[in-house]
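Q: After the structure tokens below, expect a handful of questions from me.
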Amino acid sequence: MRISQLARTINESPTLALNEAARLLRERGEPVIHLGIGEPKNKAPMAAILSSAAKLKTGDIKYAPSDGLPSLKKAIIRYTEENYRRVVAPENVIVSTGDKQALYNLLFAITDPQDEIILLAPYWVSYPEMVRMVYGVPVIVTPEDGSFVPQFSEIERAVSSNTKAIIVNSPNNPSGAIYPPELIAQLVELCESRDIFLIMDDIYHKLVFDGACTVSAYDYTNRDVDSSNIVLVNGVSKLYGMTGFRIGWAVGPRRLIEVMTAIQAQTTSCPAVPSQAAAEGALTGVQSVVENLRLTIQNNRDVMMAELQGLEGVRVEKPLGTFYCLPDFRAYNTNSVELATFLLNKALVVTVPGAPFGMEGHLRLSYAGSIKEIMEGIERIKWALDPNAPNEIYIGDRKLVRDWL
Ligand code: PLP
């Protein structure tokens, strides 16, 4: 069997791999605590279920327009007007199978071999892989001051004549940091002056805490959507807890959306119609579901922060959004894969190593689960990392044995 050279280099998603590892352990009856989850626990909004069920009931589930059902696009246009203060036309919108596919279509549409795409560390694990999948070159900017938000000058220095795009994800997976408005404004100006796409991955934009808010990149340009360099990607996965429906979208210049539509038409034809109906239901239904989720997650974040206080030597920046934080565990182990494997094997706690996010020595911990999981997960990590703790503990009748790192 001869697999392509490029495909052989593409890493599997560490987060999805860990989900699978946790699932298998649970299937074997192991009391696993999953602090790696990348999705909220809530049920899909009723409006989404009813809308999808109504569509299914017609029995008329066929190919739909490649760029999405007109009624869903209308809901996305309204969402964009309400949240980004921009009027967009249907031609500026494409519906895809998740934010992920919208982003991949976009990268495919803009990247020539060896074009550079700037990624800001810490970054979502899929960005570098996706860039390489379209024969582009990921250029990583890591904040020199050890923070989670690069300085504008650091990003500017990374721009070359090969730069095609900069990807911004704020609130950020994995750090939970929010980029300051001044930085977004500077990036809009930089991208406009150097003719670079500014890709705003806004998938967590309403999951923000303590009164923090995210900005609309469009607020910093006088250009209209068609002449702008800004492309938004977003979806219903995180804000509505609808990861399994796989619906996301992109908003951008119509020429670009047209090309992305051609790519999508040749690969998946269109996103699944019952899922599109569900997304439409979510976007047009009562929006208190998003606020309720946000409040739950904010409370979970507070519990996670309080628990982490008790972990000696671990430094953590309080996240202002998402459902992740990225504590620094270098006091215990500078190799995050080794540490995450140790915690999974010995304490049965799933964490995600920081290395594939561009932050070695850190672990991404999720507080999307229940309070009980957060508290017990951190307690077990404390036990596993404390050299003075007993070598064995019991979880029910399951004995955990820890050999010190
Ligand atoms: N973008 C970021 C930054 C993410 O963290 C994720 C999921 O973890 C996605 C996109 C994927 O979104 P979707 O489920 O809509 O494909």
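Residue numbers (the numbering used here): 328 to 732.
Here a beta-carbon is modelled for each residue, glycine too, at the ideal position from N, C-alpha and C.
Leaving out five residues before and five after Tyr506 in sequence, what residues of the same chain have Cβ atoms less than 7 Å from its Cβ?
A: Excluding sequence neighbours, Tyr506 sits near Val476, Val495 and Ser497.
Q: Using a threshold of 8 Å, is the CB atom of Asp426 nearer than that to any non-hydrogen atom of ligand 1?
A: Yes, since a heavy atom of ligand 1 falls inside the 8 Å radius drawn around the Cβ of Asp426.
Q: Say yes only if the C-beta of Ser453 is nearer than 8 Å to one or more non-hydrogen atoms of ligand 1, and no if none qualify.
A: Indeed, a heavy atom of ligand 1 lies less than 8 Å from the Cβ.
Q: How many angstroms separate the CA atom of Met686 from the CA atom of Pro449?
A: Approximately 6 Å between the Cα atoms of the pair.
Q: Threshold first: 3 residues or longer. Then list the beta strand (DSSP E) segments lying entirely within the segment 441–489, N to C.
A: Counting whole runs of 3 or more residues, the segment 441–489 contains the beta strand (DSSP E) stretches 443–447 and 464–468.
Q: In whole angstroms, give me the CA-to-CA distance for Thr588 and Thr469.
A: About 33 Å.
Q: From which residue to which residue does the alpha helix (DSSP H) around Arg405 run?
A: It spans Pro397 to Tyr411 - the alpha helix (DSSP H) in which Arg405 sits, taken as one unbroken run.
Q: Could you check where the alpha helix (DSSP H) with Ser520 kicks off and where it finishes?
A: Per DSSP, Ser520 belongs to the alpha helix (DSSP H) from Pro508 to Arg521.
Q: With Ala375 and Gly571 assumed to form a contact (beta carbons below 8 Å), what rounded beta-carbon distance in angstroms separates them?
A: Not quite, the Cβ-Cβ distance comes to about 11 Å (not below 8 Å), so this is no contact.
Q: I want to check one thing, is the minimum distance from the CB of Gly365 to the heavy atoms of ligand 1 below 8 Å?
A: Gly365 Cβ: within cutoff of ligand 1.
Q: For a test of the three-state rule: what should DSSP assign to Phe524, helix, strand or coil?
A: Strand.
Q: For Lys427 and Leu434, I'd like the C-alpha separation in whole angstroms.
A: Their Cα atoms are separated by approximately 11 Å.
Q: Who are the Cβ neighbours of Ser324 in its own chain at under 7 Å, not counting the five residues just before and after it?
A: Nothing can be reported for residue 324, as the shown portion of the chain is limited to 328 through 732.
Q: Taking 8 Å as the cut-off, does the CB of Arg691 come closer than this to any heavy atom belonging to ligand 1?
A: Answer for Arg691: no, Cβ out of range of ligand 1.
Q: Within the present structure, is the beta-carbon of Lys565 separated from the nearest heavy atom of ligand 1 by less than 8 Å?
A: Indeed, a heavy atom of ligand 1 lies less than 8 Å from the Cβ.
Q: Exposed or buried, Lys491, counting other C-beta atoms within 10 Å across all chains shown (16 or more means buried)?
A: Its Cβ being crowded by 16 or more others within 10 Å, Lys491 is buried.
Q: On the three-state DSSP scale, how would you describe Pro417?
A: It is helical.
Q: Is Asn660 close to ligand 1? I mean its beta-carbon at under 8 Å from any heavy atom of the ligand.
A: Outside the cutoff, so no.
Q: Sort Met632, Pro417 and Trp451 by Cα distance to Ser340 and report the nearest one.
A: Nearest C-alpha to Ser340: Trp451.
Q: Flag Asn346 as yes when its Cβ comes closer than 8 Å to any non-hydrogen atom of ligand 1, and as no otherwise.
A: Asn346: no, Cβ never under 8 Å from ligand 1.
Q: One question on the structure: do Glu519 and Arg550 come within less than 9 Å of each other, judged by their Cβ atoms?
A: Yes, these two residues count as a Cβ contact at 9 Å.
Q: Using 9 Å as the threshold, is the C-beta distance between Gly648 and Tyr531 below it?
A: A contact, by the Cβ cut-off of 9 Å.
Q: What is the rounded straight-line gap between the Cα of Arg729 and the Cα of Val464?
A: Their Cα atoms are separated by approximately 42 Å.
Q: Can you give me the start and stop residues for the alpha helix (DSSP H) that Glu665 sits inside?
A: Ser663 to Ala674 is the span of the alpha helix (DSSP H), which, as asked, contains Glu665.
Q: Mapping DSSP to helix, strand and coil, what is Pro680?
A: Correct three-state label for Pro680: strand.
Q: Give me, in chain order, the residues of the same chain whose beta-carbon lies closer than 7 Å to that of Ile720; leave out the 5 immediate sequence neighbours on both sides.
A: Hits under 7 Å: Trp710 and Leu727.
Q: Got a sec, what are the start and stop residues for the alpha helix (DSSP H) Arg621 sits in?
A: Counting along the chain, the alpha helix (DSSP H) containing Arg621 begins and ends at Ser615 to Gln636.
Q: How would you label Ala716, buried or exposed, when you count the other beta carbons within 10 angstroms and need 16 or more for buried?
A: Result: exposed.
Q: Just confirm the distance between the C-beta atoms of Arg707 and Ala658, as a whole number of angstroms; I'd bet it's less than 8 Å.
A: The Cβ separation is near 18 Å, so there is no contact.
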